[in-house]
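Asker: I'd like to ask you about the structure that follows.
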Amino acid sequence: MKIGIVGLGFVGLSLSSVLASKGYDIIGIDIDEEKCKTISDGISPFFEPELENLLKNGLKKKLEISNDFSLIRNCDFIFVTVGTPQNTDGSINLSIIKKAVSIIGENLQRSKKKPIILVKSTVIPGTMKKNILPILEKKSNKKAGKDFGLISNPEFLQESTAIRDTKFPHVVVLGGYETEFMKKAKKLFIKLHPNVPIVITNHQTAEMIKYANNSFLATKISFINQLSNICQKIPGANVDDIAKTIGLDPRIGKLFLNAGPGYGGSCLPKDMKALINFANTTGVTPTLLNAVEDVNMKQLEQIISIIKQRLGNLTSKRVTILGIAFKPNTDDIRNSIAIELIKKLQKRKVIITIHDPKAIKNTKKFFGDKIKYANTIVDALSESQCVVIMTQWKQYEKLNNNQFKNMKKKFVIDCRRMLTNKQLDVDYFAIGLGKEN
Ligand SMILES: NC(=O)c1ccc[n+]([C@@H]2O[C@H](COP(=O)([O-])OP(=O)(O)OC[C@H]3O[C@@H](n4cnc5c(N)ncnc54)[C@H](O)[C@@H]3O)[C@@H](O)[C@H]2O)c1
Numbered sequence: 001m002k003i004g005i006v007g008l009g010f011v012g013l014s015l016s017s018v019l020a021s022k023g024y025d026i027i028g029i030d031i032d033e034e035k036c037k038t039i040s041d042g043i044s045p046f047f048e049p050e051l052e053n054l055l056k057n058g059l060k061k062k063l064e065i066s067n068d069f070s071l072i073r074n075c076d077f078i079f080v081t082v083g084t085p086q087n088t089d090g091s092i093n094l095s096i097i098k099k100a101v102s103i104i105g106e107n108l109q110r111s112k113k114k115p116i117i118l119v120k121s122t123v124i125p126g127t128m129k130k131n132i133l134p135i136l137e138k139k140s141n142k143k144a145g146k147d148f149g150l151i152s153n154p155e156f157l158q159e160s161t162a163i164r165d166t167k168f169p170h171v172v173v174l175g176g177y178e179t180e181f182m183k184k185a186k187k188l189f190i191k192l193h194p195n196v197p198i199v200i201t202n203h204q205t206a207e208m209i210k211y212a213n214n215s216f217l218a219t220k221i222s223f224i225n226q227l228s229n230i231c232q233k234i235p236g237a238n239v240d241d242i243a244k245t246i247g248l249d250p251r252i253g254k255l256f257l258n259a260g261p262g263y264g265g266s267c268l269p270k271d272m273k274a275l276i277n278f279a280n281t282t283g284v285t286p287t288l289l290n291a292v293e294d295v296n297m298k299q300l301e302q303i304i305s306i307i308k309q310r311l312g313n314l315t316s317k318r319v320t321i322l323g324i325a326f327k328p329n330t331d332d333i334r335n336s337i338a339i340e341l342i343k344k345l346q347k348r349k350v351i352i353t354i355h356d357p358k359a360i361k362n363t364k365k366f367f368g369d370k371i372k373y374a375n376t377i378v379d380a381l382s383e384s385q386c387v388v389i390m391t392q393w394k395q396y397e398k399l400n401n402n403q404f405k406n407m408k409k410k411f412v413i414d415c416r417r418m419l420t421n422k423q424l425d426v427d428y429f430a431i432g433l434g435k436e437n
């Protein structure tokens, strides 16, 4: 049995490496030739814990990486894991996935196999039936359900734990028609993940499940952020104690209740926007989802207004940002809230220095020489008038008076409450803590 995986980003490369390390015969395909070469050399193009070891291990077994799409003609299963970014109006941009399935279709025409195509990319409800299926049938001159299987198989992994999530998903969703292809796919997943619930439903429900998941997570974050703003007005109140306690209620659950500067990353903001846009096209006004986004944007505005309150006019003021990656243990800065903060500060002519243990290279690609980059925390803080801790990297927990001593003005904004228990000789503001009078 041969498995093809088309699109070797966070989702596709994690899946390729996990399956290959288990001994499956895998062909990983990406349109980016340079990327294919890097991966073939056993180097991951992005930082993800455990990934590179697993990739090297897979390459020693039956993992082949290529930009030659004709190799999928021999595959029994083909996973589609290409990106589905957003248009400027927030709607989903399907051009990448349409192109990918077109090439798959063309190759299907010359294939003697009856493969099962599983779409892992996040797509709005209706995309499989309205876009992907017609493209595949037209380009292959074959019939879905007869000559090939087509299944929606949304992915729920999180970056920074992508390998663990790929090995041990909490659920497998298979959307499509109850055909022999579906039975075969179910068999593969039972073998891969015994004891994991498998939900079989239709395409549009499977597509919607993914958006329900991500929009609920975004809602939890905006909920706790709104509460954290109220806590800030109650002397002595602590949002973490509240989050921990309500999280013990099994109806609520403890995850995604960390108050902070707002949600970011490659998925939540774009999926929220796509769902809002989609809801509007159906005639449903997504009042709650709009509010979730609004709270998220205001969280960032709040940080800027706190900096302004302390520093006054921001022109030529020096601000340090600690942490640019959208979460710790990744170098991914796509839609990171820290990037948004930098953009807003740049507009106010602030002199910005940043530090991040993994994401400096990606940030440089974005801002070039428009901001300063520091290799050490001490260098980042030197002469600064305000530091904002944005990402919860472990190393920022160890910040101490010695590191702050060369700041011109020792004003610390702690968006993650990492330093709350320390005796620090600084002017300290933490999101979600009400200052004692
Ligand atoms: N990153 C996550 O945490 C995550 C989690 C769950 C679901 N998803 C969804 O999974 C999908 C992939 O996300 P990602 O973060 O892995 O994306 P990514 O941008 O990291 O990777 C996509 C890859 O596809 C390649 N590609 C583009 N066009 C191609 C084509 N025509 N043929 C072959 N390869 C092509 C790109 O070169 C890139 O390597 C998206 O729909 C995303 O919303 C992502």
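Here this note's numbering is used: position 194 in the sequence shown is 194, and no number is missing along the way. Ideal Cβ placement from N, Cα and C applies to all residues, glycine included.
Can you look up Ala279 in the DSSP assignment and give me helix, strand or coil?
Answerer: For this step, residue 279 is matched to residue 279 along the sequence shown. If DSSP states are grouped into helix, strand and coil, Ala279 belongs with the helices.
Asker: Is the closest heavy atom of ligand 1 to the C-beta of Leu136 under 7 Å?
Answerer: Working through the sequence shown from its first residue, we reach residue 136 at position 136. Not so, every heavy atom of ligand 1 lies at least 7 Å from the Cβ.
Asker: Quick test of your reading: Tyr263 and Asn296, contact by CB under 8 Å. State the CB separation rounded to the nearest angstrom.
Answerer: On the sequence shown, residue 263 is found 263 positions in, with the first residue counted as 1. On the sequence shown, residue 296 is found 296 positions in, with the first residue counted as 1. Approximately 6 Å separates the beta-carbon atoms of Tyr263 and Asn296; this is inside 8 Å, confirming the contact.
Asker: Is the Cβ of Val101 closer than 8 Å to any Cβ of chain D?
Answerer: Structure shown: chain D not included; a single protein chain is present.
Asker: Only counting the same chain, and skipping five residues up and downstream in sequence, which positions put a Cβ closer than 8 Å to that of Glu383?
Answerer: On the sequence shown, residue 383 is found 383 positions in, with the first residue counted as 1. Contacts found: Arg318, Asn406, Met407 and Lys408.
Asker: Count the other CB atoms, across all protein chains shown, that sit within 10 Å of the CB of Leu288; report buried if there are 16 or more and exposed otherwise.
Answerer: As a working mapping, residue 288 is identified with position 288 in the sequence shown. Exposed, by the Cβ-count rule.
Asker: May I ask you to check if the CB of Ile31 is nearer than 7 Å to at least one heavy atom of ligand 3?
Answerer: Although ligand 3 was asked about, the structure shown includes only ligand 1 as ligands.
Asker: Would you report the Cα separation of His355 and Ile342, rounded to the nearest angstrom?
Answerer: By one-based count along the sequence shown, residue 355 stands at place 355. By one-based count along the sequence shown, residue 342 stands at place 342. Going by the C-alpha atoms only, they are around 12 Å apart.
Asker: Using only the alpha-carbon positions, how far apart do Leu399 and Val173 sit?
Answerer: What you label residue 399 is simply residue 399 of the sequence shown in a count that begins at 1. What you label residue 173 is simply residue 173 of the sequence shown in a count that begins at 1. C-alpha separation (whole angstroms): 43 Å.
Asker: Among the residues of its own chain, which have a CB less than 8 Å from the CB of Ser57, if the five just before and after it don't count?
Answerer: Taking the sequence shown and counting its residues from 1, the one referred to as residue 57 is at position 57. Going by the sequence as given, residue 57 is Asn instead of Ser. The beta carbon of Asn57 lies closer than 8 Å to those of Ser17, Ala20 and Ser21 in the same chain, with the five residues before and after it left out.
Asker: Considering only residues of the region 225-265, which uninterrupted alpha helix (DSSP H) runs meet the minimum length of 4 residues and lie entirely inside it, listed in chain order?
Answerer: The DSSP assignment places 239-247 as complete runs of the alpha helix (DSSP H) inside the region 225-265, in order along the chain (cut-off: 4 residues).
Asker: If you run the structure through DSSP and keep just helix, strand and coil, what is Tyr24?
Answerer: For this step, residue 24 is matched to residue 24 along the sequence shown. In this structure, Tyr24 counts as coil in the three-state DSSP scheme.
Asker: Taking 7 Å as the cut-off, is the beta-carbon of Gln158 closer than that to any non-hydrogen atom of ligand 1?
Answerer: Locating residue 158 in the sequence shown gives position 158, counting from the first residue. Indeed, a heavy atom of ligand 1 lies less than 7 Å from the Cβ.
Asker: Near Cys36, which residues of its chain fall below 7 Å by C-beta distance, leaving aside the five closest residues on each side in sequence?
Answerer: Numbered from 1 along the sequence shown, position 36 holds the residue referred to as residue 36. Around Cys36: Asp30, Ile65, Ser66 and Asn67.
Asker: Going by beta carbon distance, what residues of the same chain come within less than 7 Å of Val101, once the five residues before and after it are set aside?
Answerer: One-based indexing of the sequence shown puts residue 101 at position 101. These residues qualify, in order along the chain: Val80, Ile132, Ile135 and Leu136.
Asker: Which residues mark the beginning and the end of the alpha helix (DSSP H) in which Leu188 is found?
Answerer: As a first step, residue 188 is located in the sequence shown; it is residue number 188 there, counting from the start. That run of the alpha helix (DSSP H) goes Glu180 to Leu192.
Asker: Hey, how far is the Cα of Leu433 from the Cα of Gly236?
Answerer: In the sequence shown, counting from the first residue as 1, residue 433 sits at position 433. In the sequence shown, counting from the first residue as 1, residue 236 sits at position 236. Looking at the two C-alpha atoms, the distance is approximately 7 Å.
Asker: Confirm the yes/no value for this check: CB of Phe404, any heavy atom of ligand 1, distance under 7 Å.
Answerer: Numbered from 1 along the sequence shown, position 404 holds the residue referred to as residue 404. No, Cβ of Phe404 sits at least 7 Å from all heavy atoms of ligand 1.
Asker: Please classify Val199: is it buried, with 16 or more other beta-carbons within 10 angstroms of its beta-carbon, or exposed?
Answerer: The sequence position of residue 199 within the sequence shown is 199, counting from 1. Classification for Val199: exposed.
Asker: What separation, rounded to the nearest whole angstrom, lies between the Cα atoms of Ile116 and Leu51?
Answerer: The residue given as residue 116 occupies position 116 in the sequence shown. The residue given as residue 51 occupies position 51 in the sequence shown. The straight-line gap from Cα to Cα measures roughly 26 Å.
Asker: For Leu94, which of Thr84, Ile431 and Lys2 has the nearest alpha-carbon?
Answerer: If you number the sequence shown from 1, residue 94 lands on position 94. Leu94 has its Cα closest to that of Thr84, out of Thr84, Ile431 and Lys2.
Asker: Alpha carbon to alpha carbon, how far is Glu34 from Arg416? Give it in angstroms, no decimals.
Answerer: One-based indexing of the sequence shown puts residue 416 at position 416. One-based indexing of the sequence shown puts residue 34 at position 34. Approximately 37 Å, taken between the alpha carbons.
Asker: What I want to know is whether the C-beta of Val6 ends up closer than 7 Å to one or more non-hydrogen atoms of ligand 1.
Answerer: In the sequence shown, counting from the first residue as 1, residue 6 sits at position 6. Checking the Cβ of Val6 against ligand 1 gives yes.
Asker: Put Lys372 into one of helix, strand or coil per three-state DSSP.
Answerer: As a position in the sequence shown, residue 372 is number 372, starting the count at 1. Residue state for Lys372 is assigned as strand, using DSSP reduced to three classes.
Asker: State yes or no: is the C-beta of Ile6 within less than 8 Å of the C-beta of Leu157?
Answerer: On the sequence shown, position 6 is the one that residue 6 refers to. On the sequence shown, position 157 is the one that residue 157 refers to. Here residue 6 turns out to be Val, not Ile, going by the sequence shown. Not closer than 8 Å, so no.
Asker: Buried or exposed: where does Gln385 fall if 16 or more other Cβ atoms within 10 Å of its Cβ makes it buried?
Answerer: Translated into the one-based positions of the sequence shown, residue 385 becomes position 385. The residue is buried, with at least 16 neighbouring Cβ atoms inside 10 Å.
Asker: Excluding the 5 residues flanking Ser70 on each side, which residues of the same chain have their C-beta closer than 8 Å to its C-beta?
Answerer: Position 70 of the sequence shown, counted from the start, is the residue given in the question as residue 70. So the list reads Asn107 and Arg110, once near-sequence residues are dropped.
Asker: In chain order, what residues of the same chain have a beta carbon less than 7 Å from the beta carbon of Thr205, not counting five sequence neighbours either side?
Answerer: Taking the first residue of the sequence shown as position 1, residue 205 is located at position 205. Counting only Cβ-Cβ distances below 7 Å, and skipping sequence neighbours, we find Gly175.
Asker: Work out the CA separation of Pro250 and Asp369 for me, nearest whole Å.
Answerer: Sequence index remark: in the sequence shown, residue 369 carries index 369 (1-based). Sequence index remark: in the sequence shown, residue 250 carries index 250 (1-based). Looking at the two C-alpha atoms, the distance is approximately 49 Å.
Asker: Please tell me whether, using a cut-off of 7 Å, the distance from the CB of Glu155 to the nearest non-hydrogen atom of ligand 1 is below it.
Answerer: To locate residue 155, count along the sequence shown from 1; it is residue 155. Within the cutoff, so yes.
Asker: Within this structure, are the beta carbons of Thr161 and Leu15 separated by less than 8 Å?
Answerer: Against the sequence shown, residue 161 aligns to sequence position 161. Against the sequence shown, residue 15 aligns to sequence position 15. Not in contact: Thr161 and Leu15 (Cβ atoms no closer than 8 Å).
Asker: Is it buried or exposed, Ala212, if we count other Cβ atoms within 10 angstroms and call 16 or more buried?
Answerer: The residue given as residue 212 occupies position 212 in the sequence shown. Exposed, by the Cβ-count rule.
Asker: So is Gly260 buried or exposed if we call it buried at 16+ other beta carbons inside 10 Å?
Answerer: Position 260 of the sequence shown, counting from 1, holds the residue named residue 260. Label assigned to Gly260: buried.
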